[in-house]
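Protein chains in written order, with the working numbering: chain A, 1 to 246; chain B, 1001 to 1379.
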């Protein structure tokens, strides 16, 4: 897998089909593109899972994350997913767990993963997140993986929203969203934001409503792309947001 | 500052746990995108529904919108019907008025009501230390409940969280979602909802009469025997037993009694124990103890038979009059009379003492002594 085969996060619009449908599409290009989307959505949760649940050191976690995705792509592991047996996110986590176990048994980290694959992923940044949220106890694997998958999903949706606002000349919309919704501990009010940014309260309300709507749409689209089937997408959307989607 | 703050490598900064939680909540907000309502913030979240502060863009005013939490639930949907109909039927300053009703694209019913600014009685109580003021709040709380009873509606979930205290001390009873509807009113309360209906909008459809269905049917489902409706600490024993047929206006009397208990003691009633023994030994006036205990009687026949009777007794106590719930001794009657008319009694006593002094000094053989004594004062 070369550098070009994995797309930089946030630069491409989310797809309407599930990732597994696209991976199985048959066309090599479509599969490669779908795999890029899959890595984009799953690499952070996988890395954090290896760091926190497996308690691997940063170097091993980094190598094994890259090795896992590279081998999954080459050996078509994820194509074996069966929607009736488990959710796709659980399948990905279990595949990652097996990859780590196999690698440990053969005691050949360098041979299997280390240095063999180089994906343009920001491991240093994620490592900072891991250290910032480090806990003494090992988290429950599935719960932790899901939690980090949601965080990664939201980060991508927020990043997409930011790019959209900047491209559309609506920076103020994202600034409001960032101040009010992404920093809820700040406790800033609509009136304060209106004063600070020279807006009316109605403008703040409208901008925030628009940004929230777009965030939600983007998050749902990204989620749809990460699920194994439409039914799974509905279930995941309900679990995350508590709402039914069509 | 109108530039988004860049995160690492030009992306956005990593999201905190608080931000993730907030974004999850945002994702659960109802979609009103093609309607006249713009959601501003979530202002209340309960087991049945969530209340949002929104802007009515057509009229340019703030409103509150209540939406059920679960999208597909017949029971919840029916309870929302009931609540909307109750609010539409009851026009009283102490009952929040409903403006609109409709359905979201996902099928959930919602209704729009006046935004009540203030805080719940639960939150307001620590600011009120004066007993007389607390009793005045209680009397005002009784008014909308009595009004609802007069129109054959029973609230069934009276508790401090369901009572809002406005900035000017106005009391508004909220959350009529589990209210019982009297059969006599069923037909008459269907029309207001139909009159609220307007043309359908693209994504938010209005409630039609046929989809509303018969409120009587709703009530039958709503009041299925064995269903426990209410909140522990505030629900009447018959509600706790699920004895739906026994629930009537006197169940609300019990709920008000439990609120009165809280107002008097700052504690929630322990329903396992005897109310009277929990009230005694706290320095609460005996008539008030008796009022509260009667409202909290396990047997509905032993309670006040109406909210009005309960409120009148509280008013009587506050005005220093005898209360129906307590038979006072002669000494207590004299003491109450003395307390109530203290100023008048003191004036009469002073007058009588003065007359006595004048009489004694004026009728003595040395009656000139009085004039000499008074003259001496001024020399």
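We treat Cβ as the ideally placed atom computed from N, Cα and C, and that holds for glycine.
Just verifying my parser: in three-state terms, what is the DSSP assignment at residue 1074/B?
Taking the first residue of the second chain as 1, we reach residue 1074/B at position 74. Helix.
Taking Cβ positions only, does residue 1123/B come closer than 7 Å to chain A?
Taking the second chain and counting its residues from 1, the one referred to as residue 1123/B is at position 123. No, because no Cβ of chain A sits closer than 7 Å to the Cβ of residue 1123/B.
Does residue 1033/B get closer than 7 Å to chain A when you measure Cβ to Cβ?
In the second chain, counting from the first residue as 1, residue 1033/B sits at position 33. It does: the Cβ of residue 1033/B has a partner Cβ on chain A nearer than 7 Å.
Just curious, the alpha helix (DSSP H) that residue 131/A is in, first and last residue?
Stepping through the first chain from its first residue, residue 131/A is reached at position 131. Here the alpha helix (DSSP H) through residue 131/A covers 123–132.
Count the other C-beta atoms from every protein chain shown that fall within 10 angstroms of the C-beta of residue 84/A, then say buried if there are 16 or more, exposed otherwise.
The residue you call residue 84/A lines up with position 84 of the first chain. Residue 84/A should be labelled exposed.
Status (buried if at least 16 other CB within 10 Å, exposed otherwise) for residue 240/A
Within the first chain, numbered from 1, the residue matching residue 240/A stands at position 240. Classification of residue 240/A: buried, given that the 10 Å Cβ count is 16 or more.
List, in chain order, every chain A residue whose beta-carbon is nearer than 9 Å to that of residue 1077/B.
What you label residue 1077/B is simply residue 77 of the second chain in a count that begins at 1. Neighbours of residue 1077/B on chain A: none; closest Cβ ~14 Å, over 9 Å.
Buried or exposed for residue 135/A, going by 16 or more other Cβ atoms inside 10 Å?
Against the first chain, residue 135/A aligns to sequence position 135. Result: exposed.
Inter-residue CB distance, residue 64/A and residue 99/A (contact presumed, cutoff 8 Å)
As a first step, residue 64/A must be located in the first chain, where it is residue number 64. As a first step, residue 99/A must be located in the first chain, where it is residue number 99. Confirmed, Cβ separation roughly 7 Å.
Spatial neighbours of residue 81/A within its chain, please: CB distance less than 7 Å, with the 5 preceding and 5 following residues excluded, ordered by chain position.
On the first chain, residue 81/A is found 81 positions in, with the first residue counted as 1. Result list for residue 81/A: 20, 88, 91 and 228, in chain order.
Measuring straight from C-alpha to C-alpha, what distance separates residue 93/A and residue 28/A?
By one-based count along the first chain, residue 93/A stands at place 93. By one-based count along the first chain, residue 28/A stands at place 28. Cα to Cα, residue 93/A sits roughly 25 Å from residue 28/A.
For residue 31/A, go through chain B and note every residue whose CB falls closer than 9 Å to its CB, in chain order.
Indexing the first chain from 1 puts residue 31/A at position 31. Per Cβ cutoff of 9 Å: no residues; residue 31/A is ~26 Å from chain B at best.
Which bits of chain A does residue 1064/B rub up against, with CB to CB less than 7 Å?
As a first step, residue 1064/B is located in the second chain; it is residue number 64 there, counting from the start. Under the 7 Å cutoff, chain A gives no residues; its nearest Cβ is about 15 Å from residue 1064/B.
For residue 39/A and residue 138/A, what's the separation of their Cα atoms in angstroms?
Residue 39/A sits at position 39 when you count from the first residue of the first chain. Residue 138/A sits at position 138 when you count from the first residue of the first chain. Taking the straight line joining both Cα atoms gives about 24 Å.
Mind checking the region 32–62 of chain A against chain B and listing, in chain order, the residues whose C-beta falls within less than 8 Å of any C-beta there?
none
Under 7 Å between the Cβ atoms of residue 1170/B and residue 1120/B?
By one-based count along the second chain, residue 1170/B stands at place 170. By one-based count along the second chain, residue 1120/B stands at place 120. Not closer than 7 Å, so no.
Look at residue 1096/B and residue 1307/B and say whether their C-beta atoms are less than 7 Å apart.
Within the second chain, numbered from 1, the residue matching residue 1096/B stands at position 96. Within the second chain, numbered from 1, the residue matching residue 1307/B stands at position 307. No, they are not a contact pair.
Any contact between the region 1318–1328 of chain B and the region 1286–1295 of chain B? By contact I mean 3 or more CB pairs, one from each, below 8 Å.
yes
Rank 1024/B, 1058/B and 1116/B by C-alpha distance to the C-alpha of residue 147/A and give the top, closest one.
Position 147 of the first chain holds residue 147/A. If we check each option's Cα against that of residue 147/A, 1024/B comes out closest.
Note down the Cα distance separating residue 1289/B from residue 1250/B, rounded to an integer number of angstroms.
For this step, residue 1289/B is matched to residue 289 along the second chain. For this step, residue 1250/B is matched to residue 250 along the second chain. Looking at the two C-alpha atoms, the distance is approximately 19 Å.
Can you list, in chain order, the residues of its chain whose CB lies under 6 Å from that of residue 177/A, leaving out five sequence neighbours each side?
Numbered from 1 along the first chain, position 177 holds the residue referred to as residue 177/A. Cβ within range, chain order: 211.
Quick one: what's residue 1056/B bridged to in DSSP?
Position 56 of the second chain, counting from 1, holds the residue named residue 1056/B. Note: residue 1056/B sits in a beta bridge opposite 1037/B and 1061/B.
Roughly how many whole angstroms lie between the Cα atoms of residue 156/A and residue 1105/B?
Stepping through the first chain from its first residue, residue 156/A is reached at position 156. Stepping through the second chain from its first residue, residue 1105/B is reached at position 105. Going by the C-alpha atoms only, they are around 27 Å apart.
Please determine, among 206/A, 236/A and 181/A, the residue with the shortest C-alpha to C-alpha distance to residue 1060/B.
In the second chain, the residue the question calls residue 1060/B occupies position 60. That would be 206/A, whose Cα lies nearest to the Cα of residue 1060/B.
Work out the CA separation of residue 52/A and residue 18/A for me, nearest whole Å.
Taking the first chain and counting its residues from 1, one reaches residue 18/A at position 18. Taking the first chain and counting its residues from 1, one reaches residue 52/A at position 52. Answer to the nearest angstrom: the Cα atoms are 28 Å apart.
Go through its chain and collect everything with a Cβ distance to residue 1440/B's Cβ below 8 Å, but skip five positions before and after it.
The displayed coordinates of chain B run from 1001 to 1379. Any statement about residue 1440/B would go beyond what the structure contains.
Residue ranges of each alpha helix (DSSP H) run of no fewer than 4 residues wholly in the region 1274–1331 of chain B, ordered along the chain?
1275–1279, 1286–1295 and 1307–1318
Which chain A residues are close to residue 1020/B, counting only those with a beta carbon under 7 Å from its beta carbon?
Here residue 1020/B refers to the residue found at position 20 when the second chain is read from its first residue. What residue 1020/B touches in chain A: 150, 151 and 154.
Once the 5 residues before and after residue 179/A are set aside, which same chain residues still bring their CB inside 8 Å of it?
Position 179 of the first chain, counted from the start, is the residue given in the question as residue 179/A. These residues qualify, in order along the chain: 186, 188 and 193.
According to DSSP, simplified to helix, strand and coil, what is residue 1126/B?
Counted from its first residue, the second chain places residue 1126/B at position 126. In this structure, residue 1126/B counts as helix in the three-state DSSP scheme.
Check the Cβ-Cβ distances between residue 1054/B and every residue of chain A, and say whether any is below 7 Å.
By 1-based counting over the second chain, the position of residue 1054/B is 54. By this cut-off, residue 1054/B is not an interface position.
Taking CB distances under 7 Å as the criterion, tell me whether residue 1014/B reaches chain A.
Indexing the second chain from 1 puts residue 1014/B at position 14. By this cut-off, residue 1014/B is an interface position.
Short CB-CB distance (under 7 Å) between residue 74/A and chain B
Mapped onto the first chain, residue 74/A falls at position 74. It does not; no Cβ of chain B falls within 7 Å.
Give the residues of chain B in contact with residue 184/A, contact being defined as C-beta atoms less than 7 Å apart.
As a first step, residue 184/A is located in the first chain; it is residue number 184 there, counting from the start. What residue 184/A touches in chain B: 1018, 1019 and 1022.
Does the Cβ of residue 200/A have 16 or more other Cβ atoms within 10 Å, making it buried, or fewer, making it exposed?
If you number the first chain from 1, residue 200/A lands on position 200. Exposed.
Under the three-state DSSP convention, the category residue 1153/B falls into:
Counting from 1 along the second chain, the entry for residue 1153/B is found at position 153. Of the three classes helix, strand and coil, the one that applies to residue 1153/B here is strand, per DSSP.
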